[in-house]
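Printed below as a string of structure tokens:
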């Protein structure tokens, strides 16, 4: 029978920046409990998606049906750093400076209270309305486009670590399965591209 489940474990703190991790590592696991498992295959999700994706579940279960492999897909550290995976927009101090300068150049009122009492989406919506109005009056060219900047706050208090923490998470998921296998395994790991290279460097 094909098994599909979520596993949550402790993982690595950010030793480089001396930051203690507050989130757990969650990864998905799929395998056929009637087969002897010969390999662990890691599916690494890219930008704009995570391991909670329904289509990924379909792929994992089908790979488990066709091969003597356990399939894992980790929600590695920082994976939720896009709006599609739950990151929330906000204006940091540099973003606010850019917005202040833009609004001053367009003669649009903007102050700290507006930032405090409105979401970034609402502020940008109001900015669009002002710009559309100025275009309708002929104060701005019809092809005018404002250049703005907005930051994203990932879920779970995480941040962009540029690959080291994600690579460690994937290694930790593999090591956890090697130590606590719900199946017999003959070893073997399949990874890809950037995180795979980092994992290889760390593993050595």
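Numbering (this note's numbering), first residue to last: 150 to 353.
Virtual Cβ for every residue (Gly too), placed ideally from N, Cα, C.
Predicted model, so just to flag it, every value in this text is computed and none were measured.
Does the separation of the CB atoms of residue i and residue j fall below 7 Å?
i	j	result
residue 200	residue 167	no
residue 191	residue 320	no
residue 217	residue 189	no
residue 309	residue 235	no
residue 203	residue 151	no
residue 295	residue 324	no
I'd like the span of the alpha helix (DSSP H) that includes residue i, first residue to last.
i	result
residue 224	Premise fails: residue 224 lies in the beta strand (DSSP E), 218-224, not in any alpha helix (DSSP H).
residue 304	Residue 304 -> no alpha helix (DSSP H), and no H or E assigned at all.
residue 259	Element bounds for residue 259: n/a, residue is neither H nor E.
residue 212	203-215
residue 251	242-254
For the putative contact between residue i and residue j, defined by C-beta atoms under 8 Å, what is the C-beta separation to the nearest angstrom?
i	j	result
residue 264	residue 222	Wrong, their Cβ atoms sit about 38 Å apart, outside the cutoff.
residue 260	residue 300	With a Cβ gap of about 20 Å, residue 260 and residue 300 do not count as contacting.
residue 170	residue 160	7 Å
Among the options, whose alpha-carbon lies nearest the alpha-carbon of residue i?
i	options	result
residue 211	308, 181, 311	181
residue 281	255, 303, 269	255
residue 172	242, 229, 279, 215	229
residue 291	298, 297, 283	283
residue 311	153, 158, 163	163
For residue i, report the span of its beta strand (DSSP E) as first-last.
i	result
residue 166	Here residue 166 belongs to no beta strand (DSSP E), and DSSP marks it neither H nor E.
residue 238	237-239
residue 189	188-191
DSSP puts residue i in a beta bridge; with which residues?
i	result
residue 177	155, 222
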